[in-house]
Structure formats: C-alpha cells, structure tokens
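J.: When we follow my numbering, the leftmost residue of the sequence shown carries the number 1, and every step to the right adds one. Every residue gets a Cβ at the ideal spot worked out from N, C-alpha and C, and that includes glycine. Predicted model, so just to flag it, every value in this text is computed and none were measured.
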Amino acid sequence: MSEMTQTAAKPHIERSATASRTYTIFVIIGLAVLILAPMFFYPIFLMKLLCFALFACAFNLLLGYTGLLSFGHATFFGGAAYFTAHVVKEWGFPPELGILTGVVGAALLGLVMGFFAIRRQGIYFAMITLALSQMFFFFCLQAEFTQGEDGIQSVPRGHLFGFIDLNISTNMYYFVLAVFLIGMVIIWRFINSPFGMILRSIRENEPRAISLGYSVARYKLGAFVMSAALAGLAGGLKALVFQFATLTDVAWQMSGEVILMTLLGGIGTLIGPIFGAGLVVTLQNYLATSQFPVTIVTGVIFMVCVLIFRRGIIGEFYASRLGRKLGFEHRR
C-alpha cells in the first residue's frame, strides 16, 4: 500500500519540482529585466507601472485569496498618497518615514472600513466598501490638509536615509523597485503561510471553515488590513514618484481600475495582477498622445479578455496544456 501511495504521489512531486524550477528561472529573468529596464524605457513610466503593479497585487490578496470584492481600495491607495505627501512636504519627514506614515494610515483606514464591511458578504460587502470609500473621497475634498481640488503639489522626494538623492531618476527608480520587491515578498510569504491557507479555505467554503472552529471574521479583517497596508505602500510610493497627491487617487474610478488590472491578469495568481497592471498602464501611456480614446480601447480589450480568457491572461496560461506540463496548476 505504501509503494502504491508513493507511486501515485510521484507525478505530483515531479510537477511541483518542475514548477519551482520554472518559477525560479522566471524570477531571475524578471529581476534582470527590471534592473536593466531604465536603460531602455522612461523611468517615470517604469515607476508608475511598479506602483500600480503593487497596488493590483495588494488588491488581489483580498479578492483572489480571500474572495472579497472591494470597491473601495482607492481609499487606501489615495489616502496613503495624501498622508505621505503631507508629512513629507509640511512636516519635513524623510521619504522612508513618509511612506511608513502612509502605510500606517492606510492600515488604520482598512481596520475601520473592514470592521464594518466584513459583517456582510457578496454584493453587500462590495457596496459597503464603495459607500465608505465615497465618504472618504468627500472628506478629502473638504479637508484642509488635502488642499481640496488642487491636491498637494510639489512634494519633495528628499534624500533616502539622509544621503541618497531621490531627485535623481535612477536612484528613485531603484528605490521604487526595492520597495516593490519587498512588497511582493511579503505577499508571497503571506499567501503561503498557514494564515494564507486558511484564507483560501474561507474563499472556497466559508461554512466549512466556521465548522472547523476558525474565527472567519478575524481572518477576513486581517486580510483586509494587510491588503489595505500594501495598497497604501503603493500609494505612498506613487506620491513621491509624481510628487503630488490629488482627488483622482481616492476616486471610485481608481478602485475600478485596479479591479480591471487584476481581472485582466488573473485573480488568485501571484504575477497575474502585475501583468494586468503592465497592460493597462502601457495602454494609458502610449494611447494618451494618440487620437484613440483610452477608456474605450481599454474597455474593448477587457471585453475580449473576458470572452477569451475567462481566468485572466495568466490564469488561462496556467490552465493551458503548457502550463499544466510546467506544473503551474499547483501555483494558483
């Protein structure tokens, strides 16, 4: 019996090993591309892509691994941008402390919003997050420190740790890249921890998780706060990259945009949101100076992806014959 079990488990072990090797190769190639990218592409474009990729991955942590669709993630992204911009410009905080302030502020906002939102499920959860997000939007519109419709302009990038000048685009890019990689490592560790396994069980069968004795509400709230904090990390970075924070960052359209990025790439996959964010940001960048309406083109691409790639582009690749051969079905 033991030999039969080992024989049956052998193909699964081999596929997992193949997937691990393939992932390692992809990670090495990806790192090399990101390190060399400023030599071939405009650094501001690359930094915007990394910020939104991290934002999409943070959102996917809630939707893809917990099964909670939030329409209010712009609150954490834009809120952190405002917090970071304010403390850096008005209080003279260095960039690292400014971003940390944004992350803490976003986490607190996530704690408050999540406390109310997780009491409901499905569309009711989504509508509560949207309503609370709109409340925060109007707060930002009226609050004195946000400077209303003008936003916070001319935010200084400052010197990282007191001696690295972030006004130099190359220095700023590698700082953003380092923060992005740290964020991705945190997400990877989070979803592969026992906590992450429990979140997946809640996503698949919440009544079953409750029957096993798990405090589902606490796990949902923990995932919500973690997702909010990472979204805040992306928002704080964005405020330093572009040196401003405006109402656009907290508008409901921003929440819709990150949902679009995640769905295009593939929910429940680690690199899917990165691919989706890259696609959307690239379209926005290269269509902005053309005669084509960006929103219409993006919408058409989204409809095509929904019809052809039901799991998202990366999700469909994982489920394809090549993806199964490489063992990626075990990496969802």
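Please say whether Ile-314 and Thr-282 have beta carbons closer to each other than 8 Å?
T.: no
J.: Quick one: what's got a C-beta closer than 7 Å to Gln-6's C-beta in the same chain, skipping five residues either side?
T.: Residue confidence for Gln-6 is low, a pLDDT of 48 falling below 50, so the modelled location carries little weight; the figure read from the coordinates is stated next. Within the same chain, Gln-6 has no close Cβ partners at all.
J.: Cα-Cα, which of Ala-56, Ala-85, Leu-260, Glu-257 is closest to Thr-246?
T.: Ala-85
J.: Under a three-way DSSP split, which group does Ala-239 fall into?
T.: helix
J.: Just checking, does the stretch 118-133 make contact with the stretch 184-194 on the three C-beta pairs under 8 Å criterion?
T.: no
J.: Here's a check: name, in chain order, each residue in its chain whose Cβ is nearer than 6 Å to the Cβ of Phe-83, leaving out the five neighbours to either side.
T.: Answer for Phe-83: Thr-101, Gly-102, Gly-105, listed in chain order.
J.: In three-state DSSP terms, what is Ala-209?
T.: helix
J.: Spatial neighbours of Ala-288 within its chain, please: CB distance less than 8 Å, with the 5 preceding and 5 following residues excluded, ordered by chain position.
T.: So the qualifying residues of the chain are Val-294.
J.: What's the C-alpha gap between Phe-309 and Leu-61?
T.: 21 Å
J.: Skipping 5 residues on each side, what residues in its chain have a beta carbon closer than 8 Å to that of Arg-114?
T.: The amino acid at residue 114 is misidentified as Arg; the sequence shows Gly. Excluding residues within five positions, the ones whose Cβ falls inside 8 Å are Lys-220, Leu-221, Phe-224, Val-225, Ala-228.
J.: Which value, in whole angstroms, describes the spacing of the CA atoms of Phe-244 and Val-155?
T.: 6 Å
J.: So, under 8 Å CB-CB, Ile-210 and Ala-56 are touching, yes? Tell me the CB distance rounded to an integer number of Å.
T.: At roughly 30 Å, the Cβ-Cβ gap does not stay under 8 Å, so Ile-210 and Ala-56 are not in contact.
J.: What alpha helix (DSSP H) runs, 4 residues minimum, are completely inside the stretch 58-145?
T.: 74-89, 95-117, 122-142
J.: With a cut-off of 8 Å, do at least 3 Cβ pairs link the stretch 254-267 to the stretch 66-81?
T.: yes
J.: Whose CA, out of Leu-279, Ile-267, Thr-22, lies closest to the CA of Ala-58?
T.: Ile-267
J.: Between which two residues does the alpha helix (DSSP H) harbouring Pro-273 extend?
T.: 272-287
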